[in-house]
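Here the sequence shown stands for residues 19 to 175, numbered as in this note's numbering. What follows is a short report on a single structure.
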Amino acid sequence: MKKKLIAGVAAVALIIAVAAYNLYQRSGNGKGEVRVSGNIEATTVEVSFKIPGRVAERMVDEGNTAAAAQVKAHAEASVGRMLDQLDAQLAAHGQDWLLGATFSAVDPFVLMLCRWTRGFARPARRLPHVGPYLQRVLARPAVQRAFATEKLAPPLV
């Protein structure tokens, strides 16, 4: 009698385990999640982000209805300070390329970053050292082929 009881309990436990495993696999795709549906009643809810951190700068003043223009002005000012650093770097060493006398992988990267400023009130091409530098990068045959392949329209920077 005891053997039958133990066998019955073991069978029920096995069925429950298999059912739980199948529910686990179906509901969370085996990613360590269990998803169920229904209603949840809670008195306290804590929400957090997957990536910790905080907002370093508020781009829009509270209550500002012209937020888009203000964000653009903040972005242009921030990028403008970075472009001034780039211009100062080029002026300091007096070489043709950003890292000195040799063209490097940094130069096309800087070209693309400066290209994003072409719609700014003060685009990168207007800076005294960055403008000629960008023209040197644009004059390279590989860069010209890349721009032609992508069918990019002027102004290129």
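All C-beta atoms in this analysis are idealised placements derived from N, C-alpha and C, irrespective of residue type, glycine included. Bear in mind that the values here come from a model prediction, so they are computed numbers and not experimental data.
- Judged by DSSP in its simplified three-state form, G56 adopts coil rather than helix or strand.
- Where S96 is concerned, the enclosing alpha helix (DSSP H) starts and stops at A85 to H111.
- Bridge partners of W115 according to DSSP: G118.
- Cβ atoms of R136 and V175 come within 8 Å of each other, at about 6 Å.
- In the structure shown, F165 falls within a helical segment according to DSSP collapsed to helix, strand and coil.
- The alpha carbon of D114 has as its nearest neighbour, out of I34, E59 and A157, the alpha carbon of A157.
- When secondary structure is reduced to three states using DSSP, R133 falls in the helix class.
- Burial of Y151 is indicated by the presence of at least 16 other C-beta atoms within 10 angstroms of its C-beta.
- Annotation for P146: D105 place their beta carbon closer than 7 Å to its own, counting only its chain and skipping 5 residues before and after.
- Around the beta carbon of A28, a 10 Å sphere encloses fewer than 16 other beta carbons of the protein chains shown; the residue is thus reported as exposed.
- The straight-line gap separating the alpha-carbon atoms of A37 and G56 is approximately 19 Å.
- Rounded to whole angstroms, the gap between the alpha carbons of E64 and G118 is 52 Å.
- V155 is positioned such that its CB atom lies closer than 7 Å to that of L129.
- Here the C-alpha atom of S122 lies approximately 8 Å from the C-alpha atom of L116.
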